[in-house]
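A.B. asks: Numbering (this note's numbering), first residue to last: 247 to 565.
Please read through the structure below; I'll follow up with questions.
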Ligand SMILES: [Zn+2]
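Structure below.
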């Protein structure tokens with residue numbers, strides 16, 4: 247087997263990010279536990295392939311064990327909306343950034359949760375068994391040299407560390423939320439603005455959001471999965487992609503970034519290309535007519551020529 251170089255160009259990172267689930271050469275769909283190989287052809291072209299196709303790799307960057315990503319990425323042209331008060335809209339234009347809220351500051355206390363408090367023992371048992379197995383059967387067929395007592399003690403310590411890390415993760419994970427829908431939503435106007443008479447909605451797409459945030463692969467963008475904690479628990483790597491089924495109407499796509507640096511109390515301002523982000527702006531159906539002109543004027547003064555539309559919910563009915 248070739249030696250791994252761990253060299254990742256931006257092109258290789260993108261290839262892996264967008265095509266994580268299948269071999270780029272034979273289209274084989276990976277299943278949990280398969281090996282997936284990243285690297286380059288002799289002409290430098292990046293490749294991401296199955297074991298059978300590694301003959302085409304001149305350089306092996308890394309051979310990893312495949313595991314499905316814990317979230318789905320919407321197609322590039324999926325329409326995303328963000329409903330907000332005028333002041334928040336102004337802040338986006340003024341700061342040229344999107345606000346990513348720290349998870350523990352979000353309204354839903356179940357953000358980042360592994361279940362309800364009743365699941366504590368279930369999780370502890372599950373983790374304890376996993377860590378014990380890992381200690382008993384080291385990779386590569388090596389023999390375990392620890393006593394049964396040492397394995398138990400070590401596994402219990404690791405459970406405790408994992409529990410602490412799960413709580414801390416809510417303080418270093420930051421989220422920016424969007425609503426995925428091909429059309430405007432009456433419910434979202436009421437849900438995401440404190441006063442719908444001065445609310446606006448930004449319309450964008452998955453692809454625009456990704457580009458507006460600088461094609462930064464440290465910012466993950468994907469769909470939230472809605473689960474019933476009574477029937478299922480999220481995997482550890484899926485807690486920030488999972489919400490309770492009672493939030494299903496949100497049809498949320500979120501951008502997530504982890505920042506282990508100096509903790510920001512409320513959240514992070516992530517630089518954003520406004521013209522790339524905003525496909526158009528919609529004015530709330532209950533806003534007075536002068537409000538549309540105000541939004542237009544303010545955007546223009548800040549240097550943005552934006553497409554601004556009245557809410558389609560304001561159309562005049564024919565009886
Ligand atoms: Zn292949």
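Built from N, CA and C at the ideal position, the CB exists for glycine as well.
In this text the structure is predicted, and so the values were computed from the model without any measurement.
(1) Report all residues from its chain with a CB closer than 7 Å to the CB of residue 363; omit the five preceding and five following residues, and keep chain order.
(2) Compute the distance between the beta-carbons of residue 315 and residue 281, then report whether it is under 8 Å.
(3) Tell me whether residue 298, by its Cβ, gets closer than 7 Å to a heavy atom of ligand 1.
(4) Can you give the beta carbon distance from residue 493 to residue 472, rounded, assuming they're within the 8 Å contact cut?
(5) Tell me whether residue 544 counts as near ligand 1, meaning its Cβ is closer than 7 Å to at least one heavy atom of that ligand.
(6) Apply the 10 Å Cβ neighbour rule to residue 456 and answer buried if 16 or more other Cβ atoms are within range, or exposed otherwise.
(7) Classify residue 364 as helix, strand or coil using the three-state DSSP reduction.
(8) Taking DSSP as the reference, what is the three-state secondary structure of residue 269?
(9) In the structure shown, what three-state DSSP assignment does residue 515 receive?
(10) Select from 515, 298 and 497 the residue whose C-alpha is nearest the C-alpha of residue 340.
(11) Which value, in whole angstroms, describes the spacing of the CA atoms of residue 412 and residue 535?
(12) How far does the alpha helix (DSSP H) with residue 332 in it reach, from first residue to last?
(13) Could you tell me whether the Cβ atoms of residue 405 and residue 373 are closer together than 8 Å?
(14) Report the three-state DSSP secondary structure of residue 428 (helix, strand or coil).
(15) Pick helix, strand or coil for residue 561, following the three-state DSSP scheme.
(16) Give a yes or no on contact between the segment 466–481 and the segment 546–565, applying the rule of three or more CB pairs nearer than 8 Å.
(17) Straight-line CA distance for residue 248 to residue 305?
(18) Find out if the Cβ-Cβ distance for the pair residue 263, residue 346 is shorter than 8 Å.
(19) Who are the Cβ neighbours of residue 436 in its own chain at under 8 Å, not counting the five residues just before and after it?
(20) Tell me which residues share the same chain as residue 297 and place their Cβ nearer than 6 Å to its Cβ, disregarding the 5 neighbours each side in the sequence.
(21) Could you check where the alpha helix (DSSP H) with residue 257 kicks off and where it finishes?
(22) Tell me, which residues are paired with residue 421 by DSSP?
(23) So which of 289, 302, 253 and 254 has the shortest CA-CA distance to residue 269?
C.D. replies: Considering the structure as presented:
(1) So no residue of the chain qualifies.
(2) No. Outside cutoff.
(3) Checking every heavy atom of ligand 1 against the Cβ of residue 298, one is found closer than 7 Å.
(4) Sure, about 6 Å apart at Cβ, within 8 Å.
(5) Using a cutoff of 7 Å, the CB of residue 544 does not count as near ligand 1, since none of the ligand's heavy atoms is closer than that.
(6) By the neighbour-count criterion, in which 16 or more other beta carbons inside 10 Å mark a residue as buried, residue 456 falls on the buried side.
(7) Correct three-state label for residue 364: helix.
(8) Three-state result, residue 269: coil.
(9) The answer is strand: DSSP assigns residue 515 an E or B state.
(10) Cα-wise, what sits closest to residue 340 is 515.
(11) Distance between the alpha carbons of residue 412 and residue 535 is about 48 Å.
(12) Element bounds for residue 332: 332–341.
(13) Yes, these two residues count as a Cβ contact at 8 Å.
(14) When DSSP states are grouped into helix, strand and coil, residue 428 belongs to the coil group.
(15) In the three-state DSSP reduction, residue 561 falls in the coil class, being neither helix nor strand.
(16) Proximity of the segment 466–481 to the segment 546–565 falls short of the contact definition, fewer than three beta-carbon pairs being nearer than 8 Å.
(17) Cα atoms of residue 248 and residue 305: separation of roughly 8 Å, rounded to the nearest angstrom.
(18) The criterion of a C-beta distance shorter than 8 Å is not satisfied by residue 263 and residue 346.
(19) For residue 436, where only same-chain residues beyond five positions count, the Cβ hits under 8 Å are 442.
(20) Within the same chain, residue 297 has close Cβ partners 281.
(21) Per DSSP, residue 257 is one residue of the alpha helix (DSSP H) stretching across 256–264.
(22) The secondary-structure analysis by DSSP pairs residue 421 across a beta bridge with 347 and 502.
(23) Answer by Cα proximity: 302.
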